[in-house]
Amino acid sequence: MPELPEVQTVINHYEPKLINKIIHSIENPNGYVKVFENGTLNDYNFLLSGKSIKSIFRRGKYIILNLCSGYLLIHLRMTGKLEMDKPNKKNMKHVSFKLKFQDGSNLFFIDVRKFGRLYFSNNLSWLNNKLGIEPLSSEFNSKWLYKLLKSHKRMMKPFLLDQKFIAGLGNIYTDEALWSSGIHPKAISKNINKNRSNLLAIEIKNILNKAIKYQGTTIINFSYGNNKNGNFSDELQIFGKPNLPCPKCKSPIIKKFIAQRGTHFC
């Protein structure tokens, strides 16, 4: 599933292409109506027609189109992908929605697994109540993280993946940040000392920022624009490298399922 850097990469790519475009209508080419999370196709046409896109930003793993009135939110989930060029005949059957703009351009949402979702909302209070702190915000710092860890007795890997505490972290960057900080994924949060916690706060920011610089990580599904891949996979230290020597200690990298997620550590 695309994580924070991949979602930000998509936004960075499409922001200059979509700002100030006016929506004409929305279509549901493959008839998969579950893509509309909180309404019907008719509802979305009524809500979107004639509205312009003022800005595009991210909250957690959500892409948010700030309209002149209300917000249109896109969650890519596992295989969701945005394209402005018309997909080939093979991919058209996977287009769950198509935004038509008044200037004749289009935005296609291709989703092979059909887990992606579209939301319309008049405000974002429900989302802010659902999601925790943004890890690249100034509010996320070593003091905040240490206090969070000390106030809970949770296994570190699933704790960091819990979106109600920290929004946007996923499997790849959690493994990388824990390894960089010397923290075992099964370690208990309240037992993490201050030095390790401070290092973790630094490493989370550093790794996410670097991944955004490299346009995210492509392992299987993620691409953006005209099938462009993220380049951070070449920078990964342990994720996806079981049995290879750890860059730090040279012992074999281990992969185990922790909280039902494939987890890498040395």
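First residue of the sequence shown? That's 124 in the working numbering, and the numbers climb one at a time after it.
Ideal Cβ positions, reconstructed from N, Cα and C, are used throughout, including at glycine.
Could you tell me which residues DSSP pairs with I134 in its beta bridges? BP columns for I134 are empty, so no partner.
When DSSP labels each residue in this structure, what does V156 get in the three-state scheme? Helix at V156.
Would the beta-carbon of V156 fall within 8 Å of that of L199? The criterion of a C-beta distance shorter than 8 Å is not satisfied by V156 and L199.
Please classify N151 as buried or exposed, where buried requires at least 16 other C-beta atoms within 10 Å of its C-beta. Residue environment for N151: buried (at least 16 other C-beta atoms within 10 angstroms of its C-beta).
Taking Y137 as the reference, give the member of H387, K379, S346, K287 with the closest Cα. Ranked by Cα distance from Y137, the first of H387, K379, S346, K287 is S346.
Nearest to K184 by CA position, among I343, S260, L127, is which residue? Measuring C-alpha to C-alpha distances from K184 to each of I343, S260, L127 identifies L127 as the nearest.
Closest residue to L403 among F362, I342, S148 (Cα-Cα distance): No information on residue 403 is available, as it lies outside the stretch 124 to 389 that the chain covers here.
Contacting residues, own chain, Cβ-Cβ under 8 Å from I306 (five flanking each side not counted): Within the same chain, and ignoring the five residues on either side of I306 in sequence, the residues whose Cβ sits closer than 8 Å to its Cβ are M279, I315, R319, L323.
Starting from the C-beta of T163, find all residues in its chain whose C-beta is less than 8 Å away, skip the five residues before and the five after it, and write them out in chain order. Only V156 meet the Cβ criterion.
Find the nearest neighbour of N332 within the set D208, L292, K212, I145, judged by alpha-carbon distance. The shortest Cα separation from N332 among D208, L292, K212, I145 belongs to L292.
Bridge partners for S175 per DSSP, in chain order? BP columns for S175 point to I145.
Rounded to the nearest angstrom, what separates Y194 and K174 at their Cα positions? Answer to the nearest angstrom: the Cα atoms are 10 Å apart.
For A290 versus R182, is the C-beta distance shorter than 8 Å? Yes, Cβ-Cβ distance for A290 and R182 is below 8 Å.
Could you give the residue range of the beta strand (DSSP E) that holds F220? 218-224 is the extent of the beta strand (DSSP E) around F220.
Where do the ends of the alpha helix (DSSP H) carrying R319 lie? From DSSP, the alpha helix (DSSP H) with R319 extends over 317-336.
Could you compute how far the alpha carbon of M201 sits from the alpha carbon of R236? Going by the C-alpha atoms only, they are around 7 Å apart.
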